[in-house]
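Heads up, the thing below is written out as structure tokens.
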Amino acid sequence: MLSRNEILEKLKEILVAMDPSKEGELDNVNESTRLVEDLGLMSISLLFMVVSIEEKFNVELGDVSVNDFVTVKDAIDHIEKCLK
Amino acid sequence: MSWWLIVLIVFIGFGLLFILSHYYVTYLIFTKFFKRQKNEKILRLAYHNLNEEQTTYLKESIRELHSHPHHEIKIKSYDNKILVGDLYKNSSDRIIILFHGFQADNYMNFGVQALYFLKHNYNVLIIDERAHKRSEGKYITYGYYEHHDVLSWIEYASSLKDIKEIILYGISMGGTSIALASEKIKENKVKHLIIEDAYTNLEKLADNIATTQHIPFGIFKRELGFYIKHLSKTNWNDIDTAKSLANNKIHTIFVRSEKDSIVDISFFNDNYNNCAAKKDKIFVPEAKHAWATLYGKESYLNELNKYLGENN
Numbered sequence: 001m002l003s004r005n006e007i008l009e010k011l012k013e014i015l016v017a018m019d020p021s022k023e024g025e026l027d028n029v030n031e032s033t034r035l036v037e038d039l040g041l042m043s044i045s046l047l048f049m050v051v052s053i054e055e056k057f058n059v060e061l062g063d064v065s066v067n068d069f070v071t072v073k074d075a076i077d078h079i080e081k082c083l084k
Numbered sequence: 001m002s003w004w005l006i007v008l009i010v011f012i013g014f015g016l017l018f019i020l021s022h023y024y025v026t027y028l029i030f031t032k033f034f035k036r037q038k039n040e041k042i043l044r045l046a047y048h049n050l051n052e053e054q055t056t057y058l059k060e061s062i063r064e065l066h067s068h069p070h071h072e073i074k075i076k077s078y079d080n081k082i083l084v085g086d087l088y089k090n091s092s093d094r095i096i097i098l099f100h101g102f103q104a105d106n107y108m109n110f111g112v113q114a115l116y117f118l119k120h121n122y123n124v125l126i127i128d129e130r131a132h133k134r135s136e137g138k139y140i141t142y143g144y145y146e147h148h149d150v151l152s153w154i155e156y157a158s159s160l161k162d163i164k165e166i167i168l169y170g171i172s173m174g175g176t177s178i179a180l181a182s183e184k185i186k187e188n189k190v191k192h193l194i195i196e197d198a199y200t201n202l203e204k205l206a207d208n209i210a211t212t213q214h215i216p217f218g219i220f221k222r223e224l225g226f227y228i229k230h231l232s233k234t235n236w237n238d239i240d241t242a243k244s245l246a247n248n249k250i251h252t253i254f255v256r257s258e259k260d261s262i263v264d265i266s267f268f269n270d271n272y273n274n275c276a277a278k279k280d281k282i283f284v285p286e287a288k289h290a291w292a293t294l295y296g297k298e299s300y301l302n303e304l305n306k307y308l309g310e311n312n
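Which chain is which? The protein sequence lines are Z and X, in order. With this note's numbering applied, the first sequence covers 1 to 84. With this note's numbering applied, the second sequence covers 1 to 312.
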């Protein structure tokens, strides 16, 4: 089972893959970072992130709603739940 | 107090309680089906029971589409709502505008098609319907207000430099919105309409779904009509494509997902038969509602593209 820190690092890898030009900024990403307001993820970016999480963590998230992914913490919680 | 007065008060009390709870339950139904959802879905793969191959196909298209540069477009609707979409530009003089279905995600409905048309030299504009995701609006009106939005998006697309040809593609509610808008389209750059799994009439659709789900729609219909009229400011019969398609003059392709269990085949036949313009139809075997592309894949999209090319 991955620790929360390990999940966070893998999430950062996904975010860098989505937009390599933001690699420097993404060093500061922590659990309180907001996906839409702070990282500007919306529409296809958010969907892309969800799809990448499924692939990277080898999980099936199934139905995912906007409120499930407000902050990085929410994403980690959701992934942790799927990994159990 | 005499006994009959007590009986009367109890009787009236129960009656009032029954009426109030009936209106309350109907209001809950109204909020579920006619109001913007507080927690909108991003991903609904599990819900739609797609198989692994279809899921991979969709995910890979989304992944590839994400790598194409695009920018967010905002326009104002005729009733002053901000409507939002994503524009994928290339150097072509034609643009396809994609209108998704009820409570759907634009990229879940159109991720594959958007990528296909971008690769086949179309500019692609993929929009969030009103009361969905980034677009403003409190109520979903199954095509009534949305068909005015279709006209607003046409106005935006026609203002883009070098655009000579506009194509509209809608799935389910998006298709019905295009059908309703068809008689009002004055812009002669609009050359083709693609209408996939669209219903003709909201009341008939609700009746149909309720029958297949064994829900007694009749006992809620009048009160639901009350909320539709007073809150979302439409009526059951505002959404009816028969008249608009009878006055349509734009080439239209009707797409039918063979195993659509939500929009009955009779809606497809009525839409097709009522359409006065030049028309074509495509059947996609085995496809479920709104998934013609994930079942028909490249061969379906090639057929669609062929019709677009032949009818210029």
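Heads up, the beta-carbon is just placed ideally off N, CA and C, and yes, glycines get one too.
Open item on the list: For a cutoff of 8 Å on Cβ pairs, would you count Z:S21 as touching chain X?
Closed with: Your numbering for residue 21 of chain Z matches position 21 in the first sequence. Not one chain X Cβ lies under 8 Å of Z:S21.
Open item on the list: By the DSSP assignment, the beta strand (DSSP E) with X:E72 in it spans what residues?
Closed with: Along the second sequence, read from residue 1 onward, the residue named residue 72 of chain X stands at position 72. It spans 71-76 - the beta strand (DSSP E) in which X:E72 sits, taken as one unbroken run.
Task: For Z:K10, the three-state DSSP class (helix, strand or coil) - done: Within the first sequence, numbered from 1, the residue matching residue 10 of chain Z stands at position 10. Here Z:K10 sits in helix by DSSP.
Open item on the list: Along the stretch 56-68 of chain Z, where does the CB come closer than 9 Å to a CB of chain X? Name the residues.
Closed with: E60, L61, G62, D63, V64, S65, V66, N67, D68
Task: Interface partners of Z:V50 on chain X, CB under 9 Å - done: One-based indexing of the first sequence puts residue 50 of chain Z at position 50. Near Z:V50 (Cβ distances below 9 Å), the residues of chain X are I42, L43.
Task: Closer than 8 Å to chain X by CB, Z:M42 - done: To locate residue 42 of chain Z, count along the first sequence from 1; it is residue 42. So, interface residue.
- [ ] Would you mind sorting Z:R4 into buried or exposed? The rule is 16 or more other CB atoms within 10 Å of its CB.
- [x] Residue mapping note: residue 4 of chain Z aligns to position 4 of the first sequence, counting from 1. Exposed, since its Cβ has fewer than 16 Cβ neighbours within 10 Å.
TODO: Decide if the stretch 236-256 of chain X is in contact with the stretch 269-284 of chain X; the criterion is three or more beta carbon pairs, one per stretch, under 8 Å apart.
DONE: yes
Open item on the list: Assuming X:E64 is part of the alpha helix (DSSP H), what are its boundary residues?
Closed with: Residue 64 of chain X sits at position 64 when you count from the first residue of the second sequence. Its alpha helix (DSSP H) spans residues 52-66.
Task: Straight-line gap, X:Y142 to X:K119 (C-alpha atoms, nearest Å) - done: In the second sequence, counting from the first residue as 1, residue 142 of chain X sits at position 142. In the second sequence, counting from the first residue as 1, residue 119 of chain X sits at position 119. So the two alpha carbons sit approximately 31 Å from each other.
Open item on the list: On the criterion of 16 or more Cβ atoms from any shown chain inside 10 Å, does X:H214 qualify as buried, or is it exposed?
Closed with: The count along the second sequence starts at 1 and reaches residue 214 of chain X at position 214. Counting Cβ neighbours within 10 Å, X:H214 comes out exposed, since fewer than 16 surround it.
Open item on the list: Just to confirm my understanding: we take Z:S52, look at its own chain, exclude 5 residues before and 5 after, and list those with CB closer than 8 Å. What are they?
Closed with: Within the first sequence, the letter at position 52 stands for residue 52 of chain Z. The residues are I14, A17, M18.
TODO: Within its chain, find whatever has a CB closer than 7 Å to the CB of X:I178; leave out the 5 residues flanking it on each side and keep chain order.
DONE: The residue you call residue 178 of chain X lines up with position 178 of the second sequence. Result list for X:I178: F99, V150, L168, G170, L193, I195, in chain order.
TODO: Can you pull the chain Z residues whose beta carbon is under 7 Å from the beta carbon of X:R134, in chain order?
DONE: Reading the second sequence from its first residue, position 134 is the one you call residue 134 of chain X. Going along chain Z in sequence order, the residues near X:R134 (Cβ under 7 Å) are M42, S43.
TODO: Using DSSP bridges, identify the partner residues of X:L193.
DONE: The residue given as residue 193 of chain X occupies position 193 in the second sequence. Note: X:L193 sits in a beta bridge opposite X:L168, X:T252.
TODO: Could you tell me whether the stretch 235-249 of chain X touches the stretch 52-61 of chain X, where touching means 3 or more Cβ pairs closer than 8 Å?
DONE: no
- [ ] Kindly list, in the order they appear in chain X, the residues whose Cβ is closer than 7 Å to that of Z:L46.
- [x] One-based indexing of the first sequence puts residue 46 of chain Z at position 46. Those within 7 Å of Z:L46 in chain X are I42.
TODO: Tell me the start and end of each unbroken alpha helix (DSSP H) in the stretch 246-293 of chain X that is at least 4 residues and wholly inside, in chain order.
DONE: 265-274
Open item on the list: Taking the beta carbon of X:R222 as the centre, do at least 16 other beta carbons fall within 10 Å, making it buried, or is it exposed?
Closed with: Residue 222 of chain X sits at position 222 when you count from the first residue of the second sequence. Result: exposed.
Task: First and last residue of the uninterrupted alpha helix (DSSP H) at X:R222 - done: Residue 222 of chain X sits at position 222 when you count from the first residue of the second sequence. Where X:R222 is concerned, the enclosing alpha helix (DSSP H) stretches over 218-230.
Open item on the list: Quick check on X:M108: buried or exposed, where buried means 16 or more other Cβ atoms within 10 Å of its Cβ?
Closed with: Along the second sequence, read from residue 1 onward, the residue named residue 108 of chain X stands at position 108. Per the 10 Å Cβ criterion, buried.
Open item on the list: Within a Cβ cutoff of 6 Å, which residues of the same chain sit near X:K74, ignoring the five residues on either side of it in sequence?
Closed with: Counted from its first residue, the second sequence places residue 74 of chain X at position 74. The residues are I82, V84.
TODO: Please decide whether X:K59 counts as near chain Z, where near means a Cβ-Cβ distance under 8 Å.
DONE: Looking up residue 59 of chain X in the second sequence gives position 59. Yes, X:K59 counts as interfacial toward chain Z.
Open item on the list: Is it buried or exposed, X:F313, if we count other Cβ atoms within 10 angstroms and call 16 or more buried?
Closed with: What the structure shows of chain X is the stretch from 1 to 312, and residue 313 of chain X is not part of that stretch, so it cannot be assessed.
- [ ] Using beta-carbon positions only, say whether X:G111 and X:S61 come within less than 8 Å of one another.
- [x] Here the question's residue 111 of chain X lines up with position 111 in the second sequence. Here the question's residue 61 of chain X lines up with position 61 in the second sequence. Going by C-beta atoms, X:G111 is nearer than 8 Å to X:S61.
- [ ] Counting only runs of 4+ residues fully inside the stretch 20-65 of chain Z, write out the alpha helix (DSSP H) ranges in chain order.
- [x] 44-57
Task: DSSP bridge partner residues for X:F34 (one or two, in chain order) - done: Residue mapping note: residue 34 of chain X aligns to position 34 of the second sequence, counting from 1. DSSP, once it has assigned bridges, lists no residue as partnering X:F34.
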